[in-house]
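All the letters of the sequence shown, read from the start, carry residue numbers 0 to 253 under numbering that gives the first Met the number 0. Contents: one structure, followed by commentary.
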Amino acid sequence: MVSDLELAKSLIPDVQLAGKAIMEIYHHQTEFEVKQDGSPVTKADLAAEEILLSALRRIRSDIPIISEENAQSHLLEPPTDFFLVDPLDGTKEFLKADGSGSFTVNIGLIRNNYPEMGIILAPALNRLFIGARNEGAFEYSDERFLPLMPRKLELENRIAIASTSHRDSQTDEWLLAHNVTKTIRAGSSVKFCLVASGEADFYPRFGPTMEWDTAAGDAILRAAGGMTYTSDDTQFQYGKDAYRNTAFIAKAQR
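Structure follows, in structure tokens:
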């Protein structure tokens, strides 16, 4: 049996293919549908999802898949092991086409409520991250795996990364209470990767998210040495009711 990190590496070509499909539509996407939860879905979401689901069924057909765009999968009672897939996280940023590039392709592996493995591609930024529990986290660049090193938390000069599309007063209050002196704005799960790579100390999120929004990034952050906590400072877990997340704080240090 291959390790979780080797599994992530084996998925890189398919994730890159999904990213290519997204970028072929980027800048030309004007039409979208609105799902029951009010969020948009585009042709890029569906094209990327088809590639990712096909790859996962080919490589690990024994593991169930919960995917954002497959509503039927949301009815599945959380199994012991399952993939969480978000083929295009940051659809609002994708539709803006404002040059920020804050949208991502995501695959996370959950085992016993813990995010074991994650792979994230930000195709417009040309950045790809992978990580697996007890095996490390890496940025894949120029065919090399570069280890991710989170920042050491200091009392001063603290940096947080927060949502571009979902800013709220609760987040602003948290930033003030924790002596954050600089805030970076970004969309999508790339925020987890920027904490894992040492570009920020915290990623607080108090607004609604789903498990497929966070699983891959959370796995990468934990593999790098960080941790994601609930607002009452317990470890963030997966396989929750309807795959809905509560508020969380992603931190560079455990």
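All residues carry an ideal CB built from backbone N, CA and C; glycine is no exception. Being a predicted model, the structure only gives us computed values, none of them experimental.
- Item | 8 Å CB neighbourhood of L6 in its chain, flanking five on each side removed | Answer for L6: I58, R59, L108, M116 and A131, listed in chain order.
- Query: Do W211 and S66 come within 8 Å of each other at the CB atom, strictly closer than that value?
  - Reply: The answer is yes: Cβ separation under 8 Å.
- Give a yes or no on whether the C-beta atoms belonging to R204 and A246 are separated by under 8 Å. Contact flag set, yes.
- So, helix, strand or coil for V194, using DSSP? Helix.
- Task: Can you tell me which of T180, E92, S2 and Y113 puts its alpha carbon nearest to the alpha carbon of T103?
- Result: Checked all of T180, E92, S2 and Y113; the closest Cα to T103 is E92.
- G224 CB to nearest chain C CB: under 8 Å? Chain labels in this structure do not include chain C; a single protein chain is all it has.
- Item | C-beta contact flag for I160 and A136 at 8 Å | Against a cut-off of 8 Å, the Cβ pair of A136 and I160 comes out as no contact.
- Message: Just to confirm my understanding: we take P78, look at its own chain, exclude 5 residues before and 5 after, and list those with CB closer than 7 Å. What are they?
- Response: The answer, listed in chain order, is P63.
- Going along the chain, which residues of its own chain have a beta-carbon closer than 8 Å to the beta-carbon of E134, five neighbours each way excluded? Once the five neighbours on either side are set aside, the close Cβ partners of E134 are S2, D3, L4 and A222.
- Message: For N105, count the other beta carbons within 10 Å of its own beta carbon; 16 or more makes it buried, fewer makes it exposed. Which is it?
- Response: Its Cβ being crowded by 16 or more others within 10 Å, N105 is buried.
- Item | Cβ-Cβ distance between G197 and P149 below 8 Å | Yes, the Cβ-Cβ distance between G197 and P149 is below 8 Å.
- Using the Cα positions of F128 and A176, report the straight-line distance between them to the nearest angstrom. Using only the alpha carbons, I get a separation of about 31 Å.
- Message: Measuring straight from C-alpha to C-alpha, what distance separates N15 and G89?
- Response: In the sequence under discussion, the amino acid at residue 15 is Gln, which differs from the Asn named in the question. In this structure, the alpha-carbon of Q15 lies about 17 Å from that of G89.
- Does the beta-carbon of D13 have 16 or more other beta-carbons within 10 angstroms, so that it is buried, or is it exposed? Result: buried.
- Message: Applying the 10 Å Cβ sphere with the 16-neighbour rule, what's the burial state of S188?
- Response: S188 counts as buried, since at least 16 other C-beta atoms from the protein chains shown sit within 10 angstroms of its C-beta.
- If V84 and L124 are in contact, beta carbons under 8 Å, what's the gap, nearest whole angstrom? Beta-carbon to beta-carbon, V84 and L124 are separated by about 20 Å, too far to satisfy the 8 Å threshold.
- Shortest alpha-carbon distance to P181 belongs to which of Y202, Q169, C192 and F191? Reading off the sequence, residue 181 comes out as Lys, not Pro. Considering only Y202, Q169, C192 and F191, the residue with the shortest C-alpha distance to K181 is Y202.
- Message: Please state the DSSP three-state secondary structure of R221.
- Response: Residue state, collapsed to three classes: helix.
- Are V40 and E23 closer than 8 Å when you measure CB to CB? No, Cβ-Cβ distance for V40 and E23 is not below 8 Å.
- Task: Report yes if the C-beta distance between V194 and G225 is below 8 Å; otherwise report no.
- Result: Yes, these two residues count as a Cβ contact at 8 Å.
- Sub-8 Å separation of I21 and A54 beta-carbons: Cβ atoms of I21 and A54: not closer than 8 Å.
- Message: Measuring straight from C-alpha to C-alpha, what distance separates A46 and Q71?
- Response: If you take the alpha carbons of A46 and Q71, they lie about 18 Å apart.
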